[in-house]
Amino acid sequence: GDSVTQTEGQVTVSESKSLIINCTYSTTSIAYPNLFWYVRYPGEGLQLLLKVITAGQKGSSRGFEATYNKETTSFHLQKASVQESDSAVYYCALGGMPNYNVLYFGSGTKLTVEP
Amino acid sequence: GPKVLQIPSHQIIDMGQMVTLNCDPVSNHLYFYWYKQILGQQMEFLVNFYNGKVMEKSKLFKDQFSVERPDGSYFTLKIQPTALEDSAVYFCASSLDGANTGQLYFGEGSKLTVL
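Okay, structure coming up:
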């Protein structure tokens with residue numbers, strides 16, 4: 005079946021430093037899935053950060069970027085300069101065949117940005 | 056932004072009892088979802104619901120589980136009877152266009168503890 009792997013459970017970065025959160029996916033479908041990053045800020049529900057539905061394309065939002073790499077089956081999340089307000093839990097997700105209306109989530113990466 | 060509300064935020068019950076978790080989705084949304092997250096594990100898809108019917112369900116959606124949305128009110132997840140392994144945080148989500156093309160809006164979760 006389809007699955008998403010996030011290898012880091014927790015990441016700590018100093019403010020203004022760069023960030024990368026790793027995500028790889030696996031699918032048994034011959035078609036390419038849609039890929040998403042969701043984020044949960046403290047005290048809030050999970051919300052969409054960005055999505056990319058075409059392999060090779062890059063998505064961006066709030067200074068974050070992720071590139072859909074079908075060769076390495078990766079969708080890493082990056083930011084050039086993090087802020088304290090970016091502290092949250094980030095989830096990579098895959099949506100696609102055969103269940104068009106189901107998202108499969110990674111285990112999440114908790115980001116702590118230190119002042 | 057749009058909010059999904061979940062009631063209760065936390066419930067403790069004895070094994071074998073019935074529990075109903077309530078979700079107040081975004082008002083004009085058409086697709087509804089329940090996800091389950093056991094502490095330290097991934098958030099896993101349980102079921103999705105559209106036009107008054109279950110569209111898809113996972114292996115985690117046991118016979119003891121049921122969902123409904125009577126008269127456009129709360130979208131509910133009922134577990135009867137509960138088992139120890141049902142202890143988890145249950146997340147409700149809603150979407151206007153569906154998970155794969157649209158955006159899911161999540162509640163903050165209902166933490167269920169079965170003793």
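From first to last, the protein sequence lines are chains L and X.
Quick note: to get my numbering, add 4 to the position in the first sequence (first position is 1).
Quick note: to get my numbering, add 55 to the position in the second sequence (first position is 1).
Glycine included, C-beta positions come from ideal geometry on N, C-alpha and C.
Identified DSSP bridge partners for X/LEU60: DSSP output for X/LEU60 lists X/ASP79 as bridge partner(s).
For L/ARG66 and L/GLU19, the rounded distance between their alpha carbons: Taking the straight line joining both Cα atoms gives about 15 Å.
Three-state secondary structure (DSSP) of L/SER111: The answer is coil: DSSP assigns L/SER111 none of H, G, I, E or B.
Selected residue, minimal CA-CA separation from L/SER111, among L/GLY5, L/ASN26, L/LEU53: Relative to L/SER111, the option among L/GLY5, L/ASN26, L/LEU53 whose CA is nearest is L/ASN26.
Residue(s) in a DSSP beta bridge with X/MET73: Secondary-structure assignment with DSSP links X/MET73 through no beta bridge to anything.
Residue closest to L/THR58, alpha-carbon to alpha-carbon, out of X/PHE87, X/MET73, X/GLU163, X/ASN155: If we check each option's Cα against that of L/THR58, X/ASN155 comes out closest.
Residues sharing a beta bridge with L/ASN105, DSSP: As far as DSSP is concerned, L/ASN105 takes part in no beta bridge.
DSSP three-state assignment for X/LEU167, whether helix, strand or coil: Strand, per DSSP.
Under 8 Å from the C-beta of X/VAL122: neighbouring residues of chain L: Scanning chain L for C-beta atoms nearer than 8 Å to the C-beta of X/VAL122 yields nothing, as the closest lies near 14 Å away.
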